[in-house]
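Notes to accompany the following structure.
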Amino acid sequence: MTIRLHDTRTQTLQDLRPVHPGRVGLYVCGPTVQSAPHIGHLRSALVYDIMRRWLTASGYRVTLIRNVTDIDDKILAGAAGTAEPWWALAYRVEREFAHAYDRLGVQPPTYEPRATANIQRMIDLISRLVERGHAYPAADGSGDVYFDTASWPAYGELTHQRLEDMADAADADPRGKRDPRDFALWKGRKPDEPEDASWTSPWGRGRPGWHIECSAMSTAYLGETFDIHGGGRDLRFPHHENELAQSAAAGYGFARIWVHNGLVSVGDQKMSKSFGNSVFAADLLDRAPAQAVRYLLGSAQYRSTLEYSPAGLDEARHTVERIDAFLARAASEGAVPTPATVTRDDVPAEFARAMDDDLNVPRALAVVHERVRQGNAALAAGDRDAAVAAADAVGAMLRVLGLHPDAFARQGRADDAATQALDRLVAERLDSRAHARAARDFTTADRIRDELAAAGVRIDDTPDGARWSVDDD
RNA sequence: GGUGGAGUGGCCGAGUGGCUAGGCAGCGGCCUGCAAAGCCGUAUACACGGGUUCGAUUCCCGUCUCCACCUCCA
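Structural data, given as structure tokens:
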């Protein structure tokens, strides 16, 4: 068993060979909590959730660190001029993210460090870079500290760019920079910024630059050399390039494999605030069951751009219903519930091969569909053993993908007493309908079905009699 | 201008030098009083032009188009 992942730096598939055998350290760039989570944030979180699940199922002890950037220009700007302090804004949005992740079934990371709780680690790292001659305080007395890109010949190695070809960095006022491409490690406090948005440092009061936090936190929790660093494709430059440069310049081995997930597009265009085409997580999750959203976001390989459309969401819902319906039928034929924890030994070899191959979830889903079809055929043929075997495999695969229906308990609907009451009422109607049908009075039978349908109760006739369910929409 | 990536049947989306994933939608059939579900079968592809090859959607060259990053961004 060898799990392979695509590494941005070498532009090749790399075998995963953990620094510490049997353990995997995975760092993921989490969100800047400045505004509501959208579908792109969900996809990113989901990619690493599935990666983590597969690594875990494969026997690794995974430490997943996903940071929260809770101090940043945008957060300060968002709170400026409002009654809400910047830290309240950040925390409010952070909770929105947590809620969206939770609804989607994204497991919490092993730890979720906040930037504001790791300021000293960043100061230590910056000091180390200054000592080593790779960073310098601005000469203009601003209190800024910059990374000296000219001092680091490897700069650009992650994204294969040469310093000369790059446009100038613009993440800070260039006055105090030796070179326009140098980037801020520390930002001196400006007079119009809140006093509580700054910390004391050897360079005066200020706050950390964006890139330094990930270097400080990843190495703090995973060690100076760790296995996998993940994030969205749009973070490759400058964020990850700078992260790599400053970490390597500090003497760290840092991440061995850099993975980047593709973005979500709407109408062939990147979704972004400025285009006004954002699909927010809360809206999405209100529009369709979380399980369907999860399926949709997993239906493209993680490095591919994923095209979002409302029609695609409906499609995902139907697809998921088909899978769930099979499991439900199999259960009534004696299939036992899927254990909450499964391993790679519980899934078909072809599924495992697809997952090992740079997490090819679409190919893995094809195996799921194949087994569902086989299972349905077995049910139709009365082959219980084959049906149960298929259900076991399907259940295990869904667990790995975080798509198992058991993990998505119906919220606010599955009240037992209410269900029983409804069942009694519906059963009475179905009894009348059965009599009508027996008497070949199909007008009456269809009227009853229509009445129930109008109330949101769907009727399906089976060889064993009619079954009812509550329509989702 | 630099860097990375993409153009696959109605839509989404894998993949491969010949045996052409999967889903949804469509069509035909089975089942059903009808429907739904399910099963079986089935049409529609690989941006364009060359080249290599017995054979290319898959390799090579060229062309076109599109996307992302180089500014905050999952």
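Residue 220 in UniProt numbering sits at position 220 of the first sequence; the count goes up by one each step and never skips. The beta-carbon is built from N, C-alpha and C at its ideal position, and this holds for glycine as well. As the structure is a prediction and not an experimental result, all values here were calculated from the model.
In the DSSP assignment, His318 falls within the alpha helix (DSSP H) that extends over Pro310 to Ser332. Within the segment 26 to 97, the runs of beta strand (DSSP E) that reach at least 3 residues and sit entirely inside it are, in chain order, 61 to 66. By the criterion of a C-beta distance shorter than 8 angstroms, Asn277 is surrounded in its chain by Val266, Gly267, Gln269 and Met271, once the five residues flanking it on both sides are discounted.
With distances taken between CA atoms, Asn67 lies nearest to His229 out of Gln11, His229 and Arg329.
Of the other Cβ atoms in all chains shown, fewer than 16 fall within 10 Å of the Cβ of Phe442; this residue is therefore exposed.
The segment 399 to 468 contains, as complete beta strand (DSSP E) runs of 3+ residues, the segments 457 to 462 (chain order). A distance below 8 angstroms separates the beta carbons of Phe147 and Asp182.
Counting along the chain, no beta strand (DSSP E) covers Leu129; the unbroken alpha helix (DSSP H) around it starts and ends at Ile119 to Glu131. Pairing Gly223 with Ser215, the inter-Cα distance amounts to about 11 angstroms. Annotation: Gly465 to Gln291 spans about 29 angstroms, alpha carbon to alpha carbon. Within the model, the alpha-carbon separation for Gly133 versus Asp70 is close to 29 angstroms. Two segments are said to touch when three or more pairs of C-beta atoms, one from each, lie closer than 8 angstroms; by this definition the segment 369 to 382 touches the segment 325 to 339. DSSP places Gly375 inside the alpha helix (DSSP H), whose first and last residues are Val361 to Ala381. Collapsing the DSSP output to three states places Glu213 in a helix. Nearest Cα to Pro194 within the set Asp72, Ala138 and Met1: Asp72.
The straight-line gap separating the alpha-carbon atoms of Glu84 and His211 is approximately 26 angstroms. By the C-beta density criterion, Pro289 is buried, having at least 16 other C-beta atoms within 10 angstroms.
Bridge pairing for Gly251: absent [DSSP]. Distance between Ala300 and Pro21, taken at the CA atoms: about 31 angstroms. The beta-bridge partner set that DSSP reports for Asp357 consists of Arg4. With a cutoff of 8 angstroms on beta-carbon distance, Thr319 and Tyr295 are scored as near each other. One alpha carbon belongs to Ala455, the other to Pro108, and they sit about 38 angstroms apart.
Relative to Gln11, the option among Lys74, Leu158 and Gly298 whose CA is nearest is Leu158.
If you compare the alpha carbons of Phe97, Thr63, Arg17 and Tyr91 with that of His38, the shortest gap goes to Phe97. Residues Thr63 and Leu64 of the same chain have their beta carbon placed closer than 6 angstroms to that of Thr110, with the five preceding and five following residues left out of the count.
Per the Cβ contact rule, the segment 381 to 397 is not in contact with the segment 43 to 51 (fewer than 3 Cβ pairs under 8 angstroms). Boundaries of the alpha helix (DSSP H) harbouring Gly298: Ala290 to Gly298, taken from the DSSP string.
Around the beta-carbon of Ala316, 16 or more other beta-carbon atoms lie within 10 Å, marking it buried. Here Ser304 carries a coil assignment [DSSP, helix/strand/coil].
The shortest CA-to-CA distance from Gly206 to any of Val470, Gly232 and Lys190 is the one to Lys190. Scanning Glu370, Asp196 and Arg424 for the CA closest to the CA of Trp86 turns up Asp196. Just so you know, the alpha carbons of Pro18 and Ser142 end up roughly 43 angstroms apart. Rounded to the nearest angstrom, the gap between the Cα atoms of Tyr252 and Gly25 is 15 angstroms. Taking 8 angstroms as the cut-off, the Cβ atoms of Asp357 and Arg4 count as close. At the C-beta level, Arg449 and Arg433 come within 8 angstroms of one another.
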